[in-house]
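Heads up: the structure comes next, in structure tokens.
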Amino acid sequence: MPFIREKCNFCGDCLFKCNYLDLTRDQSIKEMKNLIESRDSFILSECVTCYACNEYCKEDANPFDLIAELQEEHNSLGISQENKNKLEKTFEPYEFTKDVQVKGPLMSQCAFLFSHKQFFRGKLFDDLTLIGGRSVFCNLIYLHSAQYSLIEARASMIVKNIERVLENFEKKELICFHDECYAFYTKYAPELGVEVNFKVIHLFEYLYNYLKEHRAQIKKLNIKIAYQRSCSTRLTPEKDHFLDELLDLIGAKKVDRQYSGENALCCQAPLLDFLNKTDLARKKQKINIQDALNARAEAMVFICPTCYDTLKQMCMKYNLRPIFITDLCRIALGEIE
Ligand code: SF4
Ligand code: SF4
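The working numbering numbers the first residue of the sequence shown as 14 and each following residue consecutively.
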């Protein structure tokens, strides 16, 4: 999504509220001006690519996209060209030409189709047609690696691949398992000028509707949970009400805590996987988990498989049960414990 210069009123909120920078309001305004006018600032190397400033900005100016674009221009994240080349190849999309056997509504499992099979089990998925892999991978991962331009270069092929699969479906609808894909199809692709001619449904909406239809099978969980937002949830907060309604249906209560909602901390995967900031990542993870425990959460619930993988061990170490959102629904349906 491009940064929209005309919408920026230099309020400074985006950098002032950042959980990784320690700036005064005046410094935040000054650095925002530097980013816009001189297209440079120390912010570019300090930013850990958590996407949160796009949500902090109430003018919808997309400040993180300005930062991400400039991080590519200046190669600010210290990622070697060799690693960038590898990463560029790893998720390179190709034209999808296979025939897909239509079973039920189409769900894209992004890059997690094979790596996280455990999250696609049970009745929730029995009647769906599942696709995944490189041909439909949304490519927003490149927001973390100073390779912003790859998203625009690949957007059209990814959308066309989905449209090709949907040719055999009566309803032109795509359910996105991965939150990041939802942001890609509903925000990035259209704002990059790529038409999306199908309805996009978020996993939360799908799960909520399924549970509503199977209400009689739900056993209320009476559990207090901390919800771990993923970075991409910052891009489409408008669908979060489905999560709240879903949690209500199954008797799970989000605890009130310091690092929730807009002030949430990310799982720290970018710091560990790309930025070589292990100490900072571990420090923030502990703060996040301690915050959940202080608020008496019994479990940490995840929407993103990468967040789950990144925080799982530390959650278990501190007796905070990590649960992926689909598993939480399956527990409520009596399928697993
Ligand atoms: S990008 Fe948004 S939050 Fe940042 S200074 Fe501009 S208007 Fe304020
Ligand atoms: S993306 Fe996150 S770390 Fe980077 S400036 Fe925005 S809020 Fe701060």
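For every residue, glycine included, the Cβ atom is placed at its ideal position computed from N, Cα and C.
A quick note: this is a predicted structure, and the numbers were derived from the prediction, not measured.
Next on the checklist: Which same chain residues end up closer than 6 Å to S158 when comparing Cβ atoms and leaving out the 5 residues on each side of it in sequence?
Outcome noted: Contacts found: I92, L100 and F287.
Checklist entry - Thinking just about the alpha-carbon of each residue, which of Y33, Q271 and M45 is nearest to the one in F23? => result The candidate whose alpha carbon is nearest that of F23 is M45.
Checklist entry - If you pair each beta-carbon of the region 280-296 with each one of the region 209-227, do three or more pairs fall below 8 Å? => result No, the region 280-296 is not in contact with the region 209-227.
Next on the checklist: So, for Y33: in the same chain, excluding its five sequence neighbours on each side, which residues have a beta-carbon less than 6 Å away from its beta-carbon?
Outcome noted: Result list for Y33: V61, in chain order.
Checklist entry - What do you reckon, are the CB atoms on I144 and V113 nearer than 8 Å? => result Between I144 and V113, the C-beta spacing is below 8 Å.
Checklist entry - Which residue from E275, L156 and D261 puts its Cα closest to that of E86? => result When each option's Cα is compared against that of E86, the closest is L156.
Item to check | Simplified DSSP state of R247, which is helix, strand or coil | outcome: In the displayed model, R247 falls within a helix according to three-state DSSP.
Checklist entry - Between which two residues does the alpha helix (DSSP H) carrying K99 extend? => result Per DSSP, K99 belongs to the alpha helix (DSSP H) from Q94 to T103.
Checklist entry - What residue from Y240, L205 and K185 has the CA that sits closest to D304's CA? => result For D304, the closest alpha carbon among the candidates Y240, L205 and K185 is that of Y240.
Checklist entry - Quick one: what's E350 bridged to in DSSP? => result The bridge partners DSSP lists for E350 come to none.
Item to check | Where the beta strand (DSSP E) through R334 begins and ends | outcome: R334 to F337 is the span of the beta strand (DSSP E), which, as asked, contains R334.
Next on the checklist: Could you check if V178 belongs to the surroundings of ligand 2, using beta carbon to heavy atom distance under 7 Å?
Outcome noted: With a threshold of 7 Å, the Cβ atom of V178 does not count as near ligand 2, since no heavy atom of the ligand is closer than that.
Next on the checklist: Between D269, D139, I344 and V209, which has its C-alpha nearest E176's C-alpha?
Outcome noted: Checking every option, the nearest Cα to that of E176 belongs to V209.
Checklist entry - Looking at T246 and D192, is the spacing between their C-beta atoms short of 8 Å? => result Judged by their CB atoms, D192 and T246 are nearer to each other than the 8 Å cut-off.
Checklist entry - For F315, which residues does DSSP report across the bridge? => result Bridge partners of F315: Q241 and F337.
Checklist entry - Comparing alpha-carbon positions, which option in G135, Q160 and G146 lies nearest K97? => result For K97, the nearest C-alpha among the options comes from Q160.
Checklist entry - According to DSSP, which residues form a beta bridge with I144? => result Paired residues: S121.
Checklist entry - CA-CA distance, D257 and Q94? => result Each residue's Cα considered, the two are about 42 Å apart.
Next on the checklist: Checking the sheet assignment: what are the DSSP bridge partners for A294?
Outcome noted: In DSSP, A294 forms no bridge with anything.
Next on the checklist: What ranges does the alpha helix (DSSP H) occupy inside the region 126-187, keeping only unbroken runs of at least 4 residues that lie completely in it?
Outcome noted: 136-139 and 162-179, all fully within the region 126-187.
Item to check | Residue of R309, K252 and K130 minimising C-alpha distance to I236 | outcome: The shortest Cα separation from I236 among R309, K252 and K130 belongs to R309.
Next on the checklist: Less than 8 Å between the beta carbons of R242 and A196, yes or no?
Outcome noted: If you check the CB distance, R242 and A196 do not come in under 8 Å.
Item to check | Exposed unless 16 or more other CB atoms sit within 10 angstroms - verdict on R38 | outcome: R38 should be labelled exposed.
Checklist entry - Taking 7 Å as the cut-off, does the CB of T37 come closer than this to any heavy atom belonging to ligand 2? => result Of the heavy atoms belonging to ligand 2, none sits nearer than 7 Å to the Cβ of T37.
Checklist entry - At what residues does the beta strand (DSSP E) containing H215 begin and finish? => result For H215, the enclosing beta strand (DSSP E) starts and ends at K212 to H215.
Next on the checklist: Is it buried or exposed, G25, if we count other Cβ atoms within 10 angstroms and call 16 or more buried?
Outcome noted: It is buried - the Cβ of G25 has at least 16 other Cβ atoms within 10 Å.
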